[in-house]
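In order, the protein sequences belong to chains F and Z. For the first sequence, my numbering begins at 1 and goes up steadily by one. For the second sequence, my numbering begins at 1001 and goes up steadily by one. Each residue gets a CB set at the ideal place from its N, CA and C atoms; glycine is no exception. The structure presented is a predicted model; accordingly, all values stated were derived computationally and were not measured. Notes follow once the structure below has been shown.
Protein chains: 2
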Amino acid sequence: MSRTRLPVDLNRCTQLLGHGPVTLVTSAHGGKANVMAAAWSMPLDFVPPKVIVIIDARTLTRQLVDASGEFGLQIPTRAIAAQTLAAGSTSGLQHDKFAEFGIETFAAQEIAAPMVAGCAAWLECRVIPDASDRFDIIMGEVVAAYADATIYSENRWHFGPDPMDRTLHYVAGGQFFATGESFVLPTTR
Amino acid sequence: MSRTRLPVDLNRCTQLLGHGPVTLVTSAHGGKANVMAAAWSMPLDFVPPKVIVIIDARTLTRQLVDASGEFGLQIPTRAIAAQTLAAGSTSGLQHDKFAEFGIETFAAQEIAAPMVAGCAAWLECRVIPDASDRFDIIMGEVVAAYADATIYSENRWHFGPDPMDRTLHYVAGGQFFATGESFVLPTTR
């Protein structure tokens, strides 16, 4: 992991999730830590930056997020697609996914959850309390954001020729799409 | 529009949104209709199929969705990327977007909102009432689902060689990514 992580402007950071990439959710509390894959995550607001992640109430991640009020949200690249799939296919209630799948981590800046190395970008989040608890919707405010400078800088993705650097979009049954061709259309305003 | 729309199994239909494509939201009430682009939409549950879309409270779409309790959610392809961008860059309060941007529609099966022709897939949704109204989160249960048989069949995307058939992922400032290369990894369970 010799690549450089650079800060992302908090007021632009939810744009990192705008193209709908699959994410990894990390969590920690009381000596336990976990990582799960979440295809169902997206921005909720720009300023202050807020995100939504759907986290099933029966998961270890949900226990740890509810108890700690924090979670890490990160965008894996194709280089760690196999670990992402494994993290999404197994439960932290039965597995130490970090050890079993060789998922490397580093310490977060603002939260206790570990952050997954080798991702394209990282968002450290604090849970926004919500009275209605009906739908497994977890909301978080982003308190720190940074990205791999090779892939993202000046609030733009800069995917290069290495296909392993692309972010991912999950379908089902082990099928992913890599993020594809970029194109820019003239805006009308 | 000579292409065939085929039904999608309701219990599998939220998978259509799993890879995080940009969507178009259609709405109608009291003689008015509108279309907006929504990058912030995703599945909420499989069975019964539920979706979430973030719709700013100040928009005409929100007025029409709140009043009718229904909305159309559809996944545009690159063939209508310019119309998608235009629908996302202008307000229905000032513009008849269908007429101005040449956005063709057809009648929905279960809801009053028009559906946008030329998309990859369509979900007709009824709003799920929610007591907490703090975050512009609109939830819908899908009551009808169908897809362009050229692109999606048997619960799988089948993108062919035509780049205009790809679904889209929005970034900002008129920049999109097309849905890219598909790859399948062995599942661990």
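Do you know offhand how far residue i's Cα is from residue j's?
| i | j | result |
| --- | --- | --- |
| Gly-72 of chain F | Thr-1059 of chain Z | 32 Å |
| Leu-10 of chain F | Leu-1006 of chain Z | 43 Å |
| Met-1 of chain F | Gly-118 of chain F | Per-residue confidence for Met-1 of chain F stands at a pLDDT of 48, beneath the threshold of 50, marking its modelled position as unreliable; the derived number appears in the next sentence. Their backbone Cα atoms lie some 7 Å apart in a straight line. |
| Gly-1173 of chain Z | Val-184 of chain F | 8 Å |
| Glu-194 of chain F | Gly-69 of chain F | Because chain F here runs from 1 to 189, residue 194 of chain F falls outside it and cannot be looked at. |
| Arg-1156 of chain Z | Gln-175 of chain F | 10 Å |
| Asp-1130 of chain Z | Pro-1043 of chain Z | 17 Å |
| Val-1067 of chain Z | Val-51 of chain F | Residue 1067 of chain Z is actually Ala in this sequence, not Val. When rounded, the distance between both Cα atoms is 27 Å. |
| Gln-109 of chain F | His-1158 of chain Z | 42 Å |
| Ser-153 of chain F | Gly-140 of chain F | 23 Å |
| Gly-1180 of chain Z | Ile-1075 of chain Z | 15 Å |
| Ala-191 of chain F | His-169 of chain F | The structure shown does not extend to residue 191 of chain F, since chain F spans only 1 to 189, so no value can be given for it. |
| Ala-1178 of chain Z | Gly-30 of chain F | 42 Å |
| Thr-61 of chain F | Val-116 of chain F | 15 Å |
| Pro-161 of chain F | Val-171 of chain F | 24 Å |
| Pro-1048 of chain Z | Arg-1012 of chain Z | 10 Å |
| Tyr-1146 of chain Z | Ala-1112 of chain Z | 16 Å |
| Leu-1017 of chain Z | Ile-137 of chain F | 17 Å |
| Val-65 of chain F | Phe-98 of chain F | 17 Å |
| Arg-1078 of chain Z | Asp-165 of chain F | 23 Å |
| Ile-1054 of chain Z | Arg-1126 of chain Z | 15 Å |
| Thr-14 of chain F | Lys-32 of chain F | 28 Å |
| Pro-1021 of chain Z | Thr-1167 of chain Z | 6 Å |
| Ser-182 of chain F | Asp-148 of chain F | 19 Å |
| Phe-135 of chain F | Asp-96 of chain F | 27 Å |
| Gln-63 of chain F | Pro-1114 of chain Z | 42 Å |
| Pro-163 of chain F | Thr-150 of chain F | 13 Å |
| Thr-1090 of chain Z | Arg-1003 of chain Z | 29 Å |
| Ala-1120 of chain Z | Pro-1186 of chain Z | 27 Å |
| Asp-45 of chain F | Trp-122 of chain F | 17 Å |
| Phe-1093 of chain Z | Phe-1101 of chain Z | For the record, residue 1093 of chain Z in the displayed sequence is Leu; it is not Phe. Approximately 15 Å, taken between the alpha carbons. |
| Phe-8 of chain F | Asp-1056 of chain Z | This sequence places Val at residue 8 of chain F; Phe is not what is there. Looking at the two C-alpha atoms, the distance is approximately 25 Å. |
| Ala-1144 of chain Z | His-19 of chain F | 25 Å |
| Val-142 of chain F | Ile-1128 of chain Z | 27 Å |
| Ser-41 of chain F | Ser-1041 of chain Z | 9 Å |
Quick one: which chain F residues come within Cβ less than 7 Å of residue i?
| i | result |
| --- | --- |
| Pro-1129 of chain Z | What Pro-1129 of chain Z touches in chain F: nothing, since even the nearest Cβ is about 11 Å away. |
| Trp-1122 of chain Z | None at all; the shortest Cβ gap to chain F is about 18 Å. |
| Ala-1039 of chain Z | Gly-18 |
Using a Cβ cut-off of 7 Å, pull out every chain Z residue sitting near residue i, in sequence order please.
| i | result |
| --- | --- |
| Asn-54 of chain F | Note that residue 54 of chain F is Ile in the sequence shown, not Asn. Simply Leu-1044. |
Output, in chain order, the set of chain Z residues within a Cβ distance shorter than 9 Å of residue i.
| i | result |
| --- | --- |
| Ala-112 of chain F | None at all; the shortest Cβ gap to chain Z is about 25 Å. |
So with CB distances below 9 Å, who are the chain F contacts of residue i?
| i | result |
| --- | --- |
| Leu-1085 of chain Z | Leu-185, Pro-186, Thr-187 and Thr-188 |
Under 8 Å Cβ-Cβ, which residues of chain Z neighbour residue i?
| i | result |
| --- | --- |
| Ala-82 of chain F | Leu-1185 |
Residues of chain F with CB under 8 Å from residue i, in chain order?
| i | result |
| --- | --- |
| Ala-1057 of chain Z | What Ala-1057 of chain Z touches in chain F: nothing, since even the nearest Cβ is about 12 Å away. |
Would you say residue i lies against chain B (beta-carbon separation less than 8 Å)?
| i | result |
| --- | --- |
| Cys-13 of chain F | Here the protein chains are F and Z, and chain B is not one of them. |
**Study point:** Contact set between the stretch 1167–1186 of chain Z and chain F, restricted to residues whose Cβ is under 7 Å from the partner
**Key:** Correct list: His-1169, Tyr-1170, Val-1171, Ala-1172, Gly-1173, Gly-1174, Gln-1175, Phe-1176, Phe-1177, Ala-1178, Thr-1179, Gly-1180, Glu-1181, Ser-1182, Phe-1183, Val-1184, Leu-1185 and Pro-1186.
**Study point:** Interface positions of the stretch 3–35 of chain F facing chain Z (Cβ-Cβ less than 7 Å), listed along the chain
**Key:** Only those residues of the stretch 3–35 of chain F whose C-beta falls short of 7 Å from the nearest C-beta of chain Z are listed: Gln-15, Gly-18, His-19, Gly-20 and Pro-21.
Review point. Should the stretch 74–87 of chain F be called in touch with the stretch 22–39 of chain F, which here means at least 3 C-beta pairs below 8 Å?
Key: A contact exists between the stretch 74–87 of chain F and the stretch 22–39 of chain F.
Point to revise | Whole runs of the alpha helix (DSSP H) within the stretch 1082–1148 of chain Z, excluding any shorter than 4 residues | key: If we require 4 residues or more, the alpha helix (DSSP H) runs fully inside the stretch 1082–1148 of chain Z come out as 1097–1100.
Check your understanding: Does the stretch 1105–1117 of chain Z touch the stretch 1019–1030 of chain Z, meaning 3 or more C-beta pairs lie closer than 8 Å?
Key -> Touching, yes.
Review point. In the stretch 133–157 of chain F, which residues sit with their C-beta less than 9 Å from some C-beta in chain Z, listed in chain order?
Key: Hits within the stretch, in order: Arg-134, Phe-135, Asp-136, Ile-137, Met-139, Asn-155, Arg-156 and Trp-157.
Point to revise | In chain order, each alpha helix (DSSP H) run of at least 4 residues that lies wholly inside the stretch 1011–1097 of chain Z | key: Whole alpha helix (DSSP H) segments, 4+ residues: 1060–1068 and 1081–1089.
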